[in-house]
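Below: one structure, written as structure tokens.
In mature numbering (1 follows the signal peptide of the UniProt record, and there is no 0), the protein residues as written are -42 to -1, 1 to 144.
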């Protein structure tokens, strides 16, 4: 055996070991994905807003009750992740947005069975690509202040904070101003 062959042999063995190890890791990843399912990809678009969503009329922020999927409004607290929301364009080019709670990673959604044609309740749920119940159109209200009217794509109803129990809901009667205006930030 030549000296060149003796030198190449350990190099080839190391390369084969590395390739085998990489193959084992890849097989384990596939096995874990098959066993537990792939993680849900909510959206591939970057957020264009991150922070609080404050009701223009009542001054309270959209909030999540820790440990639940309940959405309500409460006094705004700087740095409270339960009140922080990320807004990103939904995949698919529809011009709609997903509103995701930063603490839970879940999307603002219309609670199943609550939409009666004029109103519906809200909650957060796992983000599902293409789910129009989780997609929202954000439009301005024509004032100089940066406020949004937030309209659900499935119902064409607007996010409304005019509830004495501090439970925001969607209302089929959309209007500009008051309880349907939401200000990004304080």
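We put the beta carbon where it would ideally sit given N, CA and C, even for glycine.
Check, Outcome
"Tell me the DSSP secondary structure of residue 73 in three-state form.", "coil"
"When the Cα of residue 48 is compared with those of 87, 144, 126 and 133, which residue comes out closest?", "87"
"With DSSP collapsed to three states, give me the class of residue 128.", "strand"
"Enumerate in chain order the residues of its own chain whose CB-to-CB distance from residue -16 is below 6 Å, with the five nearest sequence positions on each side excluded.", "For residue -16, the pLDDT reaches just 33, beneath the cut-off of 50, and the residue's location in the model is therefore unreliable, although a value from the coordinates is still provided. If we look at residue -16 and ignore the five residues flanking it on each side, it has no Cβ neighbours."
"Does DSSP put residue 68 in a helix, a strand or coil?", "strand"
"Taking residue 127 as the reference, which of 143, 78 and 98 has the closest Cα?", "78"
"Use the C-beta contact count for residue 129: other C-beta atoms within 10 angstroms, 16 or more gives buried, fewer gives exposed.", "buried"
"CB of residue 19 to nearest heavy atom of the ligand MN: below 7 Å?", "The ligand MN is absent from the structure shown, which contains no ligands of any kind."
"Taking the beta strand (DSSP E) that residue 35 falls in, what are its first and last residues?", "Looking at the DSSP string, residue 35 is not in any beta strand (DSSP E), and its letter there is neither H nor E."
"Residue range of the beta strand (DSSP E) that residue 45 falls in?", "43 to 47"
"Can you tell me where the beta strand (DSSP E) holding residue 5 begins and where it ends?", "5 to 9"
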